[in-house]
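Some notes on the structure that comes next.
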Amino acid sequence: MVRIIGTLLLLAGSSGIAYSYCNEQNERLKILRVMREIFIRIKKEIEYLKASIPEICLNLGEQNQTFSEVFKDIYQELELNNGRSFNDIWHIHFTSALKKVPLKEAEKEMIKSFPESLIYRDSEGQAGGIEKYIGEISKYVDEIETVIKNKNKVIMCMGIMAGMITVVILF
Amino acid sequence: MIKAEEILNIFPGVLRERFREISLRAADLQEIRFSVRQPVRVLIKNKEFLIDLSGKLSKIPDNVWHISGKEIDDIINYVCKYSLYAYEDEISQGFITIPGGHRIGLAGQVVLNAENKVRNIKNIRFLNIRISHEIIGAADEILPFVFDKKIHNTLIIAPPGCGKTTMLRDLVRQVSNGSGDMPGLQIGIVDERSEIAGSYLGVPQNDVGIRTCVMDACPKVQGMMMLIRSMAPEVVAVDEIGSKEDLEAIANIITCGSKIFATIHGYSMADAAKLDSFNINKMFERFIILHKRDGVCRVKEVYGEEKIWCG
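Quick note, the sequences are listed as chains Z and A, same order.
Here the first sequence is numbered in this note's numbering, starting from 1 and rising by one per residue.
Here the second sequence is numbered in this note's numbering, starting from 172 and rising by one per residue.
In structure tokens, the structure reads:
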């Protein structure tokens with residue numbers, strides 16, 4: 001009886017590790033897609049509406065998406081007019097928001113450095129500056145999509161198989 | 172009374188601390204001038220001062236704050252809320268209006284478009300922050316001449332820096348609100364340089380009355396005709412007229428049955444007479460001439476068909 005329970009626990013554990021890895025990849029993909037949508041929205045608001053950054057943050061805060069609370073906070077702090085730069089405000093709020101998400105360090109740094117692109121004096125130039133970030137984030141999205149498509153099933157199978165092999169060895 | 176916060180809110184981070192003491196004198200502050208690598212200058216009660224690194228006023232050019240290009244960029248970025256593209260039109264006109272109706276004049280390297288018109292200004296290295304001072308009651312003295320049983324088409328003539336715009340703004344406010352025998356009238360302002368109403372995001376920052384609408388940052392001629400078509404104002408107010416097209420538009424407004432309040436650069440009736448080919452004496456019924464005496468702007472003369480008042 002104890003052996004059966006041990007076997008089941010071992011199989012559950014190994015497949016759980018594999019599932020958690022796959023889930024992390026899915027979550028990473030979801031967040032990067034959301035961020036890409038946000039960058040595209042910012043680009044379009046600049047390109048077609050010439051909306052200012054606080055206005056865009058307010059609009060993004062009102063949308064029901066993963067980072068709406070972050071954009072609400074950024075907007076509120078911008079409206080306080082306390083002398084803090086947009087770079088600092090964005091950096092502080094996104095550092096705290098990205099702590100809990102399973103993104104790689106390079107991906108987090110890329111998101112945090114977004115305000116550095118806001119240096120252009122005309123809307124077309126500014127939209128072009130943001131396009132660079134959209135391109136970069138799309139590269140990460142494509143990479144993860146490929147990983148998920150090709151490797152997720154293999155990883156799940158490997159997880160279960162590893163559990164089974166361990167059970168056989170232990171018996 | 173200008174709020175100290177309005178002045179402080181122009182500056183980001185560490186620069187804000189340097190203006191904390193100066194902001195306490197906001198009511199007397201007229202201008203803050205920045206030229207790259209040169210001392211920062213402020214104009215208070217017509218006297219120029221320099222600022223040291225701790226924000227203290229100084230007359231001696233030693234140990235004063237010399238502003239860098241980066242600090243000027245920081246101010247522009249902060250004022251434009253890190254959205255320079257959204258201020259492209261204002262920047263191409265050479266100024267930005269900020270909350271409180273204050274104006275920041277800009278100079279730097281001009282970028283032209285294919286039609287040789289100014290498209291933008293890059294490498295902005297000179298700023299002139301002009302603090303808006305609204306004087307409620309500035310038009311008290313002239314109101315009895317402008318409203319005399321009916322409203323008269325009025326031209327305010329004054330040299331630069333003599334308070335033409337301040338006078339026009341208060342005249343608009345009083346006529347718009349109405350008082351005693353004078354009913355409040357619907358007024359339309361064409362504010363080409365955002366100086367009369369000092370609008371920020373379309374909202375007038377100065378008190379221009381309850382029945383006033385503002386066509387902000389709009390060329391005078393187009394603005395006057397747009398207002399007539401869209402808002403049916405009883406009075407149209409416009410600052411600094413002078414071109415043939417301005418006078419043609421004013422003639423159209425009068426033909427449409429609206430009244431006009433306008434200002435023009437000049438020192439006397441002779442300056443207004445230069446525009447006589449447009450029969451300016453028939454267009455306007457009152458001419459208010461301002462001058463500066465002992466450093467204070469005053470009404471010098473008021474003309475109707477002939478001189479009716481002398482200050």
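The C-beta atom is built at its ideal place from N, Cα and C for all residues, glycine as well.
For clarity, every value in this text was computed on a predicted model and none was experimentally measured.
Endpoints, beta strand (DSSP E) assigned at residue i
i, result
"residue 280 of chain A", "274-283"
"residue 409 of chain A", "406-409"
"residue 49 of chain Z", "That residue, residue 49 of chain Z, is in no beta strand (DSSP E); it is neither H nor E in DSSP."
"residue 201 of chain A", "200-206"
"residue 329 of chain A", "325-329"
"residue 121 of chain Z", "Premise fails: residue 121 of chain Z is in no beta strand (DSSP E) and is neither H nor E."
"residue 461 of chain A", "457-464"
"residue 212 of chain A", "212-215"
"residue 385 of chain A", "383-387"
"residue 478 of chain A", "478-481"
"residue 221 of chain A", "218-222"
"residue 435 of chain A", "430-436"
"residue 101 of chain Z", "No beta strand (DSSP E) contains residue 101 of chain Z, which DSSP labels as neither H nor E."
"residue 467 of chain A", "467-474"
Own chain partners of residue i with C-beta closer than 7 Å, once the 5 adjacent residues on each side are dropped
i, result
"residue 147 of chain Z", "25"
"residue 481 of chain A", "472"
"residue 291 of chain A", "259, 262, 263, 282"
"residue 344 of chain A", "378, 379, 380"
"residue 175 of chain A", "194, 195, 197"
"residue 184 of chain A", "none"
"residue 454 of chain A", "324, 421, 422, 425"
"residue 172 of chain A", "Reliability of the predicted coordinates at residue 172 of chain A is poor, the pLDDT of 49 falling under 50, and the value obtained from them is presented with this limitation in mind. Correct list, in chain order: 198."
Proximal residues to residue i (C-beta, below 6 Å), its chain only, five neighbours per side dropped
i, result
"residue 64 of chain Z", "none"
"residue 204 of chain A", "212, 299"
"residue 177 of chain A", "271"
"residue 121 of chain Z", "none"
"residue 167 of chain Z", "7, 10"
9 Å Cβ cutoff, residue i in contact with chain A
i, result
"residue 81 of chain Z", "yes"
"residue 41 of chain Z", "no"
"residue 123 of chain Z", "yes"
"residue 33 of chain Z", "no"
"residue 85 of chain Z", "yes"
"residue 97 of chain Z", "no"
"residue 50 of chain Z", "yes"
"residue 133 of chain Z", "no"
"residue 119 of chain Z", "yes"
"residue 126 of chain Z", "yes"
"residue 78 of chain Z", "yes"
"residue 53 of chain Z", "yes"
"residue 38 of chain Z", "no"
"residue 17 of chain Z", "no"
"residue 102 of chain Z", "no"
"residue 46 of chain Z", "yes"
Chain Z contact for residue i (CB, 9 Å cutoff)
i, result
"residue 205 of chain A", "no"
"residue 184 of chain A", "yes"
"residue 180 of chain A", "yes"
"residue 443 of chain A", "no"
"residue 187 of chain A", "yes"
"residue 243 of chain A", "no"
"residue 254 of chain A", "yes"
"residue 288 of chain A", "no"
"residue 174 of chain A", "no"
"residue 389 of chain A", "no"
"residue 262 of chain A", "yes"
Cβ distance (whole Å) where residue i is taken to contact residue j below 8 Å
i, j, result
"residue 359 of chain A", "residue 398 of chain A", "4 Å"
"residue 15 of chain Z", "residue 163 of chain Z", "6 Å"
"residue 459 of chain A", "residue 325 of chain A", "6 Å"
"residue 137 of chain Z", "residue 35 of chain Z", "6 Å"
"residue 421 of chain A", "residue 433 of chain A", "7 Å"
"residue 103 of chain Z", "residue 4 of chain Z", "Residue 103 of chain Z to residue 4 of chain Z, Cβ: 40 Å. No contact."
"residue 413 of chain A", "residue 382 of chain A", "Wrong, their Cβ atoms sit about 28 Å apart, outside the cutoff."
"residue 279 of chain A", "residue 295 of chain A", "4 Å"
"residue 341 of chain A", "residue 306 of chain A", "6 Å"
"residue 91 of chain Z", "residue 73 of chain Z", "Their Cβ separation, rounded to whole angstroms, is 13 Å, which puts residue 91 of chain Z and residue 73 of chain Z out of contact at 8 Å."
"residue 339 of chain A", "residue 410 of chain A", "6 Å"
Terminal residues of the alpha helix (DSSP H) in which residue i lies
i, result
"residue 191 of chain A", "191-194"
"residue 359 of chain A", "No alpha helix (DSSP H) contains residue 359 of chain A, which is instead part of the beta strand (DSSP E) from 358-362."
"residue 66 of chain Z", "Taken as a continuous stretch (DSSP letters only), residue 66 of chain Z belongs to no alpha helix (DSSP H), as it is neither H nor E."
"residue 90 of chain Z", "86-98"
"residue 346 of chain A", "335-348"
"residue 233 of chain A", "Counting along the chain, residue 233 of chain A falls outside any alpha helix (DSSP H), and DSSP gives it neither H nor E."
"residue 419 of chain A", "415-426"
"residue 452 of chain A", "451-454"
Cutoff 8 Å; reference residue i; Cβ partners in own chain excluding five residues on either side
i, result
"residue 42 of chain Z", "56, 60, 130"
Per-residue contacts from residue i into chain D (C-beta, under 8 Å)
i, result
"residue 259 of chain A", "Here chain D cannot be found, since the structure's protein chains are Z and A."
Whole beta strand (DSSP E) runs in the region 242-323 of chain A with 3 or more residues, listed along the chain?
266-268, 274-283, 289-301
My parser needs the beta strand (DSSP E) runs of 3 or more residues fully inside the region 123-151 of chain Z; what are they?
none
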